[in-house]
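Residue numbers (the numbering used here): 2 to 86.
Quick reminder that beta carbons are idealized off the backbone N, C-alpha and C, glycines included.
Reading through the structure tokens given below for one structure.
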């Protein structure tokens, strides 16, 4: 594995880890009131596209980071959508 891929793995781990507390808080409180729905929709869509990009180009760091972030962000989006009902 080259230095660029290691850098990508560290960056992906850091950005994914930064998102975990928000996902945990959302699960614990069952509230996503502080999140903007348009931001969540765009974020989840962007993370999904990054994941596909990583798969398409065989970039493990992108696939791993976004593959973990996608379900976390998706869960927050689902909580937000349920609140809107």
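- In the three-state reduction of the DSSP assignment, residue 12 falls in the helix class.
- Contact between residue 73 and residue 36 is ruled out by a C-beta separation of about 12 Å, above the 8 Å threshold.
- Comparing alpha carbon positions, the residue from 15, 66 and 83 closest to residue 47 is 66.
- No beta strand (DSSP E) of 3 residues or more sits fully in the stretch 25-62.
- DSSP, reduced to helix, strand and coil, places residue 83 within a helical segment of the structure shown.
- Only residues of its own chain outside the window of five on either side were considered, and among them 23, 24, 27, 33, 36 and 41 have a CB closer than 8 Å to the CB of residue 77, listed in chain order.
- Note that the C-beta distance between residue 81 and residue 38 is below 8 Å.
- Looking at 85, 86 and 45, the one whose alpha-carbon comes closest to that of residue 68 is 45.
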